[in-house]
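Going by our numbering, the letters in the sequence shown line up with residues 19 to 333, in that order. Note that CB positions come from ideal geometry on N, CA and C, so glycine has one too.
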Amino acid sequence: SKFYLCIKSRSFAYIMNSAMDSFRAAFLFLLFGQIHATSLRKTTSGASAIQHLAHQLPFGVTRDLFQSFSICGTCNNWKRFGEEHDGGYLLCMDSLNASSLQAAYSMGVQKHDKFSLDVYKAFDVPVFQYDCTVSHPAQICDKCKFFPACLSSKFEGKTSWTLKEAIEQSNFTDVPDRSLLMKMDIERGEWPTLLEADVSLLKKFRQLLIEFHGLWKEKQHAKFLQVMQKLKSAGFKVAHVHGNNFVGTYRNGRFMLPRAVEVTLDASLPLLEKCHDPNYELLDRPNKIGDTDIVGMHTEPNMLELPVEAKHHKH
């Protein structure tokens, strides 16, 4: 019986040891499986990150130009001035009233200029209209005055003035800072006009409504960025960006802007703690009737696009 008990004990020990070995093997199998899965996830995540970064815009002029169109000033009260579609612009009414304005300017009037009439009705101020491509104004009002002249014009035989000369012609150079309003749609003439304008002159304006053209012309981006930086140094914040759907979009990596944008810049708005991509406002309308408007502009980098020091600062 002792021999039987010894054999039984040894058999039991062998079975237990086998069971423990099987358990260890199963545990190790599961452990290695988890390690392998984690490794795969990291590899996949790393590959995705590399692929994502490969589509990013490198640091430089073009990237900075995109960011210069980010929304950095917040407005609570918008009003549309001008036409229902092409020729209409959003003004921020938060601090804009008749007592704060002395005059307004409509640069580029051609076939339509309801903007001038709407501004005159809203603020009862003189409105000065400029366009060398037509012989008479598109809109007449009691305090509207038309000049057959362009800004930075390339039209031969036409009158061309600088922004300073245009303001001098209206006799409104000796006005307080932030007492003028200007709309500008002059088909790429905005870039040289603003580039040569003094910051002190730009500070005369409270709000600017500018259609910027040719944003896909990357060889011009350095000049374009200079203009946007000058407007920023003059105290303006981008408050609204609307894309002109006549000309399509410009993409570079994940960044996207319409090829031509109507921008509201306001010097009186508080600066946002963090700028963000442009929003589509309820009062926005497509320039080209019948075509879909442009939405989904992307001007701000995401976390993967930020430099290391910016990531750390963000945390």
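Next on the checklist: Less than 6 angstroms between C-beta atoms, sequence neighbours within five positions excluded: which residues of the same chain meet that for E304?
Outcome noted: The sequence shown places Pro at residue 304, not Glu. Correct list, in chain order: N263, D311.
Next on the checklist: Considering only their Cβ atoms, is the gap separating L199 from A285 smaller than 9 angstroms?
Outcome noted: no
Next on the checklist: Tell me the rounded alpha-carbon separation between G91 and Q147.
Outcome noted: 28 angstroms
Checklist entry - What residue from P144, K292, K237 has the CA that sits closest to S88's CA? => result K292
Next on the checklist: Between R277 and W234, how many whole angstroms is the CB-CB distance? I'm expecting something under 8 angstroms.
Outcome noted: 5 angstroms
Next on the checklist: Which residue marks the beginning of the beta strand (DSSP E) containing D82, and which one marks its end?
Outcome noted: Per DSSP, D82 belongs to no beta strand (DSSP E); it is in the alpha helix (DSSP H), 79-85.
Checklist entry - So what's V279 in DSSP terms, helix, strand or just coil? => result strand
Checklist entry - Cα-Cα, which of K201, Q238, V265 is closest to V127? => result K201
Checklist entry - What's the C-alpha gap between F165 and I185? => result 11 angstroms
Checklist entry - Do the CB positions of F254 and L220 come within less than 9 angstroms of each other? => result yes
Checklist entry - Could you give the distance in angstroms between the alpha-carbon of G232 and the alpha-carbon of H239? => result 10 angstroms
Item to check | Candidates D216, H294, E174, C110, of which the one nearest N95 by Cα | outcome: C110
Next on the checklist: Can you look up M246 in the DSSP assignment and give me helix, strand or coil?
Outcome noted: helix
Next on the checklist: Residues in the same chain with beta-carbon distance under 8 angstroms from R196, minus the five sequence neighbours each way, listed in chain order, please.
Outcome noted: S118, K221, K222, F223, R224, A285, S286
Next on the checklist: Classify D203: buried if its beta carbon has 16 or more other beta carbons within 10 angstroms, exposed otherwise.
Outcome noted: buried
Checklist entry - Thinking just about the alpha-carbon of each residue, which of E205, A140, G314, T151 is nearest to the one in R272? => result G314
Item to check | Cβ shell of G207 (< 6 angstroms), same chain only, five flanking positions each side left out | outcome: L169, S170
Item to check | Residues sharing a beta bridge with E229, DSSP | outcome: E280
Next on the checklist: By the three-class DSSP mapping on this structure, what secondary structure does H294 have?
Outcome noted: strand
Checklist entry - Q157: buried (16+ other C-beta within 10 angstroms of its C-beta) or exposed? => result buried
Checklist entry - With a CB to CB cut of under 7 angstroms and the five nearest residues on each side skipped, what residues in its chain are close to Q244? => result L213
Next on the checklist: Quick test of your reading: R98 and L301, contact by CB under 8 angstroms. State the CB separation rounded to the nearest angstrom.
Outcome noted: 5 angstroms
Item to check | Rounded straight-line distance, which links the Cα of F133 to that of E101 | outcome: 7 angstroms
Item to check | Bounding residues of the beta strand (DSSP E) (the contiguous stretch that carries F146) | outcome: 145-148
Next on the checklist: Using DSSP's beta-bridge definition, name the partner residues of R224.
Outcome noted: Beta-bridge pairing links R224 to no other residue.
Checklist entry - Roughly how many angstroms lie between the CA atoms of F230 and V279, to the nearest whole one? => result 5 angstroms
Next on the checklist: Assuming V137 is part of the beta strand (DSSP E), what are its boundary residues?
Outcome noted: Element bounds for V137: not the beta strand (DSSP E) but the alpha helix (DSSP H), 132-141.
Item to check | N-terminal and C-terminal residue of the alpha helix (DSSP H) that K235 is part of | outcome: Neither: K235 is in no alpha helix (DSSP H) and is coded neither H nor E.
Checklist entry - Can you give, in chain order, each stretch of the beta strand (DSSP E) that sits fully within the stretch 160-193 and has at least 3 residues? => result 162-165, 167-169, 177-179
Next on the checklist: On a Cα-Cα basis, can you pick out the residue from N115, C93, S113, M125 that is closest to I228?
Outcome noted: M125
Item to check | Simplified DSSP assignment, three categories, for S27 | outcome: Only weak support is given to the placement of S27: the predicted model assigns it a pLDDT of 48, under 50, and the value that follows is read from those uncertain coordinates. If DSSP states are grouped into helix, strand and coil, S27 belongs with the helices.
Checklist entry - Which whole-angstrom value is the C-beta distance of V380 and C162, which I expect to be below 8 angstroms? => result No answer is possible for residue 380: the residues shown for the chain start at 19 and end at 333.
Checklist entry - So, S188 versus Y138, is the Cβ gap smaller than 9 angstroms? => result no
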